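Data first, discussion second: the structure below is written as structure tokens.
2 protein chains.
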Amino acid sequence: MSVTIKDVAKIAGVSYATVSRALNGHPEINANTKQRIVQIAKEMGYSPNAIARGLVKKNTNMIGLLVPDIRNPYFPEVARGVEDFANSEGINVFLCNTNWEEKKEIIYIKALREKRVEGLIIAPVTAVSHQRIKEENLKIPVVYIGSKSEDDNENFVILDNFKAAFTATEYLIGLGHDNIAFVGGFESSISNTDRVRGYREALKKHNLEKEINLVKSSSFKRESGYAIALEFINEGRVPSGILAANDIIALGVIEAFENNGYTVPEDISVIGFDDISFASLPKINLTTIAQPKYQMGAAAAQMLVQMIGSSGNKEIMNHYIVEPELIIRGTCRKR
Amino acid sequence: MSVTIKDVAKIAGVSYATVSRALNGHPEINANTKQRIVQIAKEMGYSPNAIARGLVKKNTNMIGLLVPDIRNPYFPEVARGVEDFANSEGINVFLCNTNWEEKKEIIYIKALREKRVEGLIIAPVTAVSHQRIKEENLKIPVVYIGSKSEDDNENFVILDNFKAAFTATEYLIGLGHDNIAFVGGFESSISNTDRVRGYREALKKHNLEKEINLVKSSSFKRESGYAIALEFINEGRVPSGILAANDIIALGVIEAFENNGYTVPEDISVIGFDDISFASLPKINLTTIAQPKYQMGAAAAQMLVQMIGSSGNKEIMNHYIVEPELIIRGTCRKR
DNA sequence: ATAAAAATTTTAAACGTTTACAGAAGGAGT
DNA sequence: ACTCCTTCTGTAAACGTTTAAAATTTTTAT
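Here you go:
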């Protein structure tokens, strides 16, 4: 089908080993021969077959990146960081969207393993993912992003979720709110759990723990935020402050309230997580906890590449925890 | 390193051809042997090497998807369509972000060619891309999405950009606007050109062509929209209606105007393109031209898979042009 | 029991590379 | 002229699969 190294060799009148050497810049080759071969290869439109090369060199220069929701602008941002760093190292990235499905996550991991990717960066669907993935017994390095398990053998890049939620909650408390709800994503998500913990701890510190449950969980989607806000309204116990587990949930929450006669921030203060680009739109102006998304992606990629490089050396363990930054905009108000 | 078919063969006490057949469900194999081998392979944690298989079967089950801006929610939506369809056919997708750089586009194409992807779906950076890509002389099918060149040999999935812009412009005219500007992305983008044509044609039809140029181009980014709106303001000729080449430009335009004492839609009406999910947020409520993004991605993938299947049969040529739909929300007003 | 047919398994070649090793050609030192 | 280096090129094996063809075993029919 496509032109191979043998075809080039035939035309050039040399052995294919020589062609290989010419094309790969080996030192032990005559400069003239090399130039001639390179020229011929170019004319013939030769393109090296990375598959065949990978087979003998045992490398593929591919890594996989699993994200649960490519529609959430948080992940494209992270993906860019991963991709840019990987590319700078000559590595290509398989970006896979697990769509918040554990099943799909495992399917992708299996497929990528068969493709012999050299490493995996995973933003896991739930806490269960960590376990399932470990059971897969991959022989390649894995870096988790946005989520860690209790297992300290893992490599990860995360936000200090506890601190972030704590800070955000205290901010709301400082504004005079005493009836603050937490609208979360999956209960089984560890980042979510950590955020809930931070939120609870802040309430506790200021003696604001209520007996009624103000923590509601669903999925990390705008519709979920919308639905949960509606629940609050229907239950007749609308909080004065809401901490949402991410920006798109926050946007859904605000949407629901405004559609039902409430105003943000006049009636309800809302804080999100992530600081997606749309949060800064003047009309949105969402107060939120920022994460250095691009940098986190790049850091994860760097970590992974480093681990791939030091083959087998499992000593390299990386835990990169970034500090949260509260971005105060216009969706919170003194009470 | 990892366990191969030969390792399994050794343990099972059969030849590796037998293992291969057992694992691939060939008919000519004893049911007992098969079961035993499958069992052993599983116990040993065998995972087939898709690289080696690809080499002999001459397939990789991989395609590439090139998008210029993964941060623009339009593209994740398209990507999901592509990925879902491809996955349903057992194909994995390399998602690459060209970042609006022609150079990067070519680099990716070369890398993907070496990886022997079986096809490419490309949302090209500019009109030049089409030419450059043709020069690469890929021997694999390519489907363009969002953009077509004059070359009728191309396969593409696009919105009827002319009609879309025409419709949007007429809507603005119908609202009483007679001073309508077009804020575009790259001039060298074909979809942009088609939209400008539609816009001009509508003005012409209603005898509203101005001698001063109300078409401004930049890149397809929010910052560009912002910058161009600022230009209008600084030049002292703020239009009453604006057609933006996509939603994020529109958002940038609105942002700039609102930051400078203008109100949308009271002072200026704005229409976008794409109907990204954020356009429907009540606070944004952007009037826009909708595209069936997910379906377009899926259609492109289907087209590509079909072409890959019918190897060499170049007769299959697909032009899929979707009809625009004007979504009237709140950023336009009667004048 | 035996030949023929069917079912199963093994052998060996192929896919397109890289690379250790062997071999050849040319030059230098003696 | 001979040996010894250098420098370059060719040979062949390897990577982990699939698969046609050959070989073997089992089954069936007589």
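The listed protein sequences derive, respectively, from chains L and R. Under this note's numbering, residues -7 to 327 are what the first sequence spells out, in order. Under this note's numbering, residues -7 to 327 are what the second sequence spells out, in order. Beta carbons are placed, not taken as given, at the ideal position from N, Cα and C, and that holds for glycine. Please read all numbers here as calculations on a predicted model, not as lab measurements.
- Note that the C-beta distance between I241 of chain L and G322 of chain L is not below 9 Å.
- Within the model, the alpha-carbon separation for N226 of chain R versus R192 of chain R is close to 24 Å.
- At least one C-beta of chain R is nearer than 9 Å to the C-beta of C88 of chain L.
- If you keep only unbroken beta strand (DSSP E) runs of at least 3 residues inside the region 237 to 306 of chain R, you get 261 to 266, 279 to 282.
- Taking R13 of chain R as the centre and dropping the five residues before and after it, the same chain places the C-beta of I21 closer than 6 Å to its C-beta, in chain order.
- A distance below 6 Å between beta-carbons, with the five flanking residues on each side excluded, links T279 of chain R to the following residues of its chain, in chain order: I263, I320, R321, T323, C324.
- For H122 of chain R, the uninterrupted alpha helix (DSSP H) segment begins and ends at 119 to 128.
- Those residues of the region 263 to 290 of chain R placed with their C-beta closer than 8 Å to a C-beta in chain L are S269, F270, L273, P274, K275, I276, ordered along the chain.
- Per DSSP, I83 of chain R lies in no beta strand (DSSP E) and is assigned neither H nor E.
- Going by DSSP, N226 of chain R is part of no beta strand (DSSP E) but of the alpha helix (DSSP H) stretching over 214 to 227.
- Here the region 209 to 221 of chain R makes contact with the region 58 to 73 of chain R; the two share three or more CB pairs at distances below 8 Å.
- Close CB contacts of N310 of chain R within its chain, under the 6 Å cut and outside five residues either way in sequence, are with N147, M295 (chain order).
- The Cβ neighbour count for T118 of chain L, taken over all protein chains shown within 10 Å, is at least 16; the residue is labelled buried.
- As the crow flies, the alpha-carbon of K202 of chain R is around 40 Å from that of V134 of chain R.
- In summary, the residues of the region 91 to 121 of chain R whose CB is separated from some CB of chain L by less than 7 Å are A103, R105, E106, K107, R108, in the order they occur in the chain.
- Just measuring C-alpha positions, the residue of R:E179, R:P257, R:D143, R:E35 sitting nearest E127 of chain L is R:E35.
- Residue-level contact by beta carbon fails for T(-4) of chain R and chain L, as no gap is shorter than 9 Å.
- Taking 9 Å as the threshold, the shortest C-beta distance from M299 of chain L to chain R does not fall below it.
- The alpha-carbon of E179 of chain R is positioned some 45 Å away from that of V48 of chain R.
- If you ignore the 5 residues before and after E81 of chain R, its C-beta comes within less than 6 Å of the C-beta of V297, all in its own chain and listed in chain order.
- With contacts defined by Cβ atoms closer than 9 Å, G190 of chain L and T159 of chain L form a contacting pair.
- Here M288 of chain L is not near I55 of chain L, since their CB atoms are 9 Å or more apart.
- Not a single C-beta of chain R is nearer than 9 Å to the C-beta of S210 of chain L.
- Below the 8 Å Cβ cutoff, chain R contributes no neighbours of P133 of chain L, its closest Cβ being approximately 14 Å away.
- Listed along the chain, the chain L residues whose CB falls inside 7 Å of the CB of I62 of chain R are P68, A71, R72.
- For F154 of chain L, the uninterrupted alpha helix (DSSP H) run begins and ends at 153 to 166, by DSSP.
- Taking 8 Å as the Cβ-Cβ cut-off, the region 48 to 61 of chain R approaches chain L at K50, T52, M54, given in chain order.
- Classified as buried, P231 of chain L has 16 or more neighbouring CB atoms from the shown chains inside 10 Å of its CB.
- Near chain R, meaning a CB-to-CB distance below 8 Å, the residues of the region 232 to 247 of chain L are L243, I246, E247.
- Restricting attention to L:E223, L:E75, L:I276, L:L58, the CA atom closest to the CA of R105 of chain L is found in L:L58.
- Put simply, the backbone Cα of Y218 of chain R is about 11 Å away from that of A236 of chain R.
- In this structure, the CA atom of T161 of chain L is about 15 Å from the CA atom of K208 of chain L.
- The shortest CA-to-CA distance from N251 of chain R to any of R:A221, R:D266, R:N24 is the one to R:A221.
- Cβ neighbours of S139 of chain L within its own chain (closer than 6 Å, five residues either side excluded): P116, I182, S183.
- Counting other Cβ atoms within 10 Å of its Cβ, N41 of chain L reaches 16 or more and is therefore classed as buried.
- Straight through space, the alpha carbons of F270 of chain R and L167 of chain R are spaced by roughly 25 Å.
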